[in-house]
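>
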Amino acid sequence: MNAKKVKESRIINTAQVLSCDLNNYNTLFGGVLMKKLDDAATLSARRHSREKECVTASTDSIDFLCPIHQTDSVCVESFVTYTGKTSMEVFCKVIAEDIMTGERRIAATAFLTFVAFGENKRPVEVPGVIPETEEEIFLYKTAKERAEIRKIRRQKSKELAAYISLKKPWDTEEEEK
């Protein structure tokens, strides 16, 4: 399977910030931005793998670096930075631009991991990536460390899940007997 250049998976989506997207601080809701990130990252994963179905396997921390206001446009840029056999790491950066002044700033960053599924709903092998720019090369070289951290975090999450109750909070112990 031939590797693909990072730029082949690049998705850029720019939108205005609407009043319905704002929280009580008059800044963009984090959840609205999270949806924009997942939407763009999904398209990057599909574009890279050329598979109909790519599912989000994990979202690393989304780092909100500065608020996004209604006077801003919000640009989400995503691209595949690294691949395993069936998984793809997708980097997202969010650029807020003050429409009146033209000032641009990095508002958020995130890494998401996707798995591509074939016709039989099973994971399929994905192409490798070829980084070209300084940014792409840096992200590629640092990807294995992030993957190891993800593995540890996933194991810790499984350990935690073993201790999480499935009981309904409103059920009492007496009712269960």
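As numbered in the working numbering, residues 865 to 1041 make up the sequence shown, in order.
Even glycine gets a Cβ: it sits at the ideal position worked out from N, Cα and C.
What you are looking at is a predicted structure, and each value in this text was computed from that prediction instead of being measured.
How many angstroms separate the CA atom of V940 from the CA atom of G982?
Cα to Cα, the separation comes out at about 27 Å.
> My understanding is that I959 touches A971, with C-beta atoms under 8 Å, so please give their C-beta distance in whole angstroms.
Rounded, the Cβ-Cβ distance is 7 Å, consistent with contact.
> Comparing alpha-carbon positions, which option in C918, K957 and K1008 lies nearest F928?
When only C-alpha atoms are compared, the closest one is K957.
> Go ahead and pull the three-state DSSP assignment for Y1027.
Coil.
> For S937, which option in V919, E989 and D962 has the closest C-alpha, if you only look at C-alpha atoms?
That would be D962, whose Cα lies nearest to the Cα of S937.
> Express the C-alpha separation of Y946 and A1007 in angstroms, rounding to a whole number.
Taking the straight line joining both Cα atoms gives about 6 Å.
> In three-state DSSP terms, what is S883?
Three-state result, S883: helix.
> Whole angstroms are fine: how far does the CA of E1009 sit from the CA of R1018?
Near 14 Å, if we compare the C-alpha coordinates of E1009 and R1018.
> Alpha carbon to alpha carbon, how far is Y1027 from S1021?
Going from the Cα of Y1027 to the Cα of S1021 covers about 10 Å.
> Only counting the same chain, and skipping five residues up and downstream in sequence, which positions put a Cβ closer than 7 Å to that of A921?
Here the set comprises S951, T977, F978 and V979.
> Ignoring anything shorter than 4 residues or poking outside the region 882–956, list the alpha helix (DSSP H) runs there in chain order.
Runs of the alpha helix (DSSP H) inside the region 882–956: 894–913.
> Using only the alpha-carbon positions, how far apart do A1011 and E996 sit?
So the two alpha carbons sit approximately 21 Å from each other.
> So that I know if they touch, is there some Cβ in chain B lying closer than 7 Å to that of K899?
Given the protein chain composition of this structure (a single chain), no chain B is represented.
> Taking the straight line between their C-alpha atoms, what separation do you get for K916 and T1036?
In a straight line, the C-alpha of K916 is about 46 Å away from that of T1036.
> On a Cα-Cα basis, can you pick out the residue from E998, T935 and N866 that is closest to V913?
According to the sequence shown, residue 913 is Ser rather than Val. Checked all of E998, T935 and N866; the closest Cα to S913 is N866.
> Please confirm whether S1042 and I875 have their CB atoms less than 7 Å apart.
Here the chain covers residues 865 to 1041 and nothing more, so residue 1042 does not appear.
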